[in-house]
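Take a look at the structure set out below.
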Amino acid sequence: MTAALVFIGVVLLLDLLRQLLTGDLAISGMLGLIKDGLMRGLVIGLAGIGLSMTYSILNFANFAHGDYITAGAFSGWSVTYLIAGGFGADANIGSLALVGAGGSVFGGALGINVVNTPLAVLAGLVVAGVLTIGLALFTDRFIFKPIRDSGGIPLLITSIGVAFALRYLILFMFDSDTRGTTAAGSVPGIRPLVLDGTVPLTLHDGFLVLVAGGLMLGVHFLLQRTKLGKAMRAMSDDESLARITGIPTERVIRSTWIIGGGLTGVAGYMFVLWKGTLSWNDGWLLLLLIFAAVILGGIGSVYGAILGGLVIGLTASTAVIWIPSGFARAAAFVVMILVLVVRPQGLFSGRSTA
Amino acid sequence: MSDSDGEPGSYGQSEEEERAVVLGIDFGNDSNMLITLLVGVFAIYLIGGVVIGLPFRGLMNQIGQLSFWIAVFAMSALALNLHWGYTGLFNIGIVGFMATGVYITGVLSKPVFGAGTSAAEVGGFGLPLLVGIAGGMLAAALLGLIAALPALRLRADYLAIVTIALSEIVRFSLLSDTLSGTDIGGYRVGLGGGDGLILDYGDPLEVFVRTASVPFDLVFGQSGWLWEEVYLGVIVEAVSGPIPTNPKPVVDNFAYAFVLLLVLGGFYVLITRIGSSPFGRVLKSIREDEDVTNALGKNTNVFKIKSFMVGCALMGLIGILWFGTQGSVTPNTFRPRITFYIWIALIIGGAGSNTGSVMGGAIFAAFLFQGPRYFKNVVETVLGNPSAPSSFGQAMLPISQGDVFPMLLYVLDSIRQLQLFLMGVVLIWLMHRRPDGLLGHRKEAASSIPLTRPAKNSEVATDGGEDQ
């Protein structure tokens, strides 16, 4: 099996070389795809940290995680629209709060980007994080906690119920339009010349790297340098043992939701800022990629989630070099299925939360 | 699952059964419960329709549709019961197998691409519909094999992720331009891409009736006797009394629902027989403890793959029967929410119980799926089709002035979205309060003869009783 995979990898690499040499694929084009994949990967990794932590500590696959992303994105962007629209000065305040439902306000018209409206973006970012933390704590307290002892599968089924309830509540409030949130093309950026063409780099790319990288570093220090991190690692190893040694397990679980929820909401907000569109289905579409990343990295491993996110993001973006673009997302899923076959414990197995 | 914590020393469900007799009907008996449920559901729909003065035709259409949905969801829940209730395979990619079934049937049975078809549309292989259906089921089973091979070694939650990913891969493939149309052996065929596939292989109902008519044709020497003479000549004619104008669609509705109910009966018998066969006993033991079953010398992987493939083929058939009559299919119909519907139906009824699956399908179809839409129709008719606000914002605005009516109208207007919210809440509630559903809590005796002390009421023994 492994040999076959290596063989496929070599064939793909040779084909890449052929495409580059014959000029079917420009080097700058390839770099553009790689950059795109890394950006996606940062979002997936950031959102994946929370999923991975709850998966290992509470022992269930939370299918509502994708809709936490959507909820975070909508709440954050609602605030961004409100501030950028001057609380009703530029447009109807209700339309602003509903992120321009029904095409009533457009993000482009409000001139939203990180340079024009830094305050609106920062406030939206914070609100997205805070609201998602609240949502995660609320669902845990009232929905997951009462049945926490009934096992992973009942919790998984329940989380599917949460996911659908959340998704369609968002659809009910914000309607099904995909809206443009930033002024496309007006985001400041550079287009450095690389060999045979230009690679566009915008300020939003940089901002995403800054925010995601900063938060990931923060999580790293939190887990390595604080007692909470140690307690989390102990809990994902053996909950009963952790409780016997005096670790306040309930408090650790709450902290896990707070960290995971906050990162997830921020990831949702940043994803929308980076790609410039917002839709009620965004989180769900991202969720399976996040699962792929978390499984690839090894459930419970934070670094695994980040690395898995980058690999899955790169796969989904660069797959178009070899296969039709309609199958790019499918390629990421295939990678996940292959990981499950070849190395179901993931790349960073056995090193829970470390 | 069926082996929930039984209190030691309790003997059958005698206490529960005493409570279950209401108005002379013994609700401890599963089939009585099912029949009462069905009669009740249809009565509610009929009364609701009569109260608002729905015209006879509309009322009959509603009843026909309701029967259709009950049959579809009951069948789906039964097929899922084979996976989850019997074998413990956590399949949340059901919709992918349904899509495979109906698409392959379409490709096999659509008429050959020719002068009459528009250039944008693809043709098919022009095979008879029954061949197409067999092909569709086979394709779904093969897809099930592909999903099962890597995933069966894994934990249930991994199988869940693999199956749902696979169902999305199927949807992306159906959407893709690459597979939308190509020439295979001189036939212009394909999956149609984002535009979907027009299912112009003729009316499935007519095909089914004409097939059933074969023995009669031999006797009467006329092709399609049952269709021409009995169906069109007698039944449709008879209905043209109460419904003078164009009665055929109404009758078609009913006839197709009837066909589906027949298939449902077949499903029930099949799954029940599988369950009580030696094969089924191995499946149940895998569900309870795979390691023990392995240790007893059963190759559990083979059993799991077989069970999975049979269930997937049935899901493919349901996809064909469900979507195959709608004239066309588009890829985005096959979103994961359909899988979600079927899971709710199964959990309402109780995983592991076939009667429960049928009941769950019926309850889901009547109250969660078709119910809110019917309710919307009823209320809108009563209110004289008022115009609802177009967005949540416009509905919220009047609330500040104390007027909730626009909000209620908006809620009514978006009932298709809200019903999914409602289903999510129902699923959460069920998992909290009734994780075993209506009938999923029964204990099954491992022995094929009752081991309990013969009681006066023989039902106690057949319902289960203790393991020992």
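For the protein sequence lines, the chains are B and U, in the order given.
Numbering-wise, the first sequence is residues 1 to 354 according to our numbering.
Numbering-wise, the second sequence is residues 1 to 468 according to our numbering.
Ideal Cβ placement from N, Cα and C applies to all residues, glycine included.
Owing to the predicted nature of the structure, the values given are computational and were not obtained by experimental measurement.
Here DSSP, grouped into helix, strand and coil, assigns T256/B to helix.
About 11 Å separates the CB atoms of G144/U and G101/U; that is not less than 8 Å, and the two are not in contact. In the DSSP assignment, Y187/U falls within the beta strand (DSSP E) that extends over 187-189.
When the five nearest sequence neighbours on each side are left out, the beta carbons in the same chain lying within less than 7 Å of the beta carbon of L38/B are those of L310, G313, L314, in order along the chain. Identification of chain U residues near A47/B by a Cβ-Cβ cut-off of 8 Å yields none; the smallest Cβ-Cβ distance measures about 16 Å.
For W69/U, no chain B residue has a C-beta closer than 9 Å to its own C-beta; the minimum C-beta separation is roughly 19 Å. For P150/U, the closest of L321/U, K304/U, R335/U by C-alpha to C-alpha distance is K304/U. If you draw a straight line from the Cα of N301/U to the Cα of G324/U, it is about 33 Å long. Chain order gives the chain U residues near F291/B as I161, where near means a beta carbon separation below 7 Å.
Boundaries of the beta strand (DSSP E) around D183/U: 182-184. By the rule that beta-carbons nearer than 8 Å mark a contact, A109/B does not touch chain U. In the assembly as shown, E288/U is an exposed residue. Its beta-carbon has fewer than 16 other beta-carbons within 10 Å. Approximately 7 Å separates the beta-carbon atoms of F90/U and I153/B; this is inside 8 Å, confirming the contact. Pairing D238/B with A61/B, the inter-Cα distance amounts to about 18 Å. Nearest to A388/U by C-alpha distance, out of L408/U, S277/U, Y374/U, is L408/U. Pairing V194/B with S28/B gives a Cβ-Cβ distance under 8 Å. Pairing T132/B with F144/B gives a Cβ-Cβ distance that is not under 8 Å.
Between G440/U and A351/U the beta-carbon gap is near 5 Å, inside 8 Å, which marks them as a contact. Secondary structure at R18/B: helix, using DSSP grouped into helix, strand and coil.
Note: L193/B is bridge-paired with T198/B in the DSSP secondary-structure output. Distance check between L296/U and each of S307/U, W84/U, V282/U places V282/U closest, using alpha-carbon atoms only. In this structure, DSSP gives V121/B a helical state, which the three-state scheme calls helix.
In the DSSP assignment, the residues bridged to I198/U are S328/U. Excluding residues up to 5 positions away in sequence, G360, I363, F364, L430, G437, L438 lie with their Cβ nearer than 7 Å to the Cβ of I348/U in the same chain. Counting only the Cα atoms, R18/B lies some 21 Å from A4/B. In this chain, the alpha helix (DSSP H) harbouring N32/U covers 30-51. The C-beta distance from A183/B to G111/B rounds to 5 Å, short enough to fall under 8 Å. DSSP places F267/U in the uninterrupted alpha helix (DSSP H) bounded by 248-276.
Under DSSP, T277/B takes part in a beta bridge, and its partners are G180/B.
Counting only residues of its own chain and dropping the five nearest sequence neighbours on each side, L127/U has a CB closer than 8 Å to the CB of L108, S109, G135.
With the rule of 3 Cβ pairs closer than 8 Å, the region 74-86 of chain U counts as touching the region 312-324 of chain U. A residue is called buried when at least 16 other Cβ atoms come within 10 angstroms of its Cβ; L14/B does not meet this threshold and is exposed.
The region 196-203 of chain B and the region 260-269 of chain B do not touch, with fewer than 3 CB-CB distances between them shorter than 8 Å. The alpha carbon of L21/B has as its nearest neighbour, out of S186/B, D196/B, A97/B, the alpha carbon of D196/B. Under the Cβ criterion (8 Å, minimum of three pairs), the region 315-322 of chain B does not count as touching the region 275-285 of chain B. Spanning the alpha carbons of L288/B and A165/U requires a straight line of approximately 7 Å.
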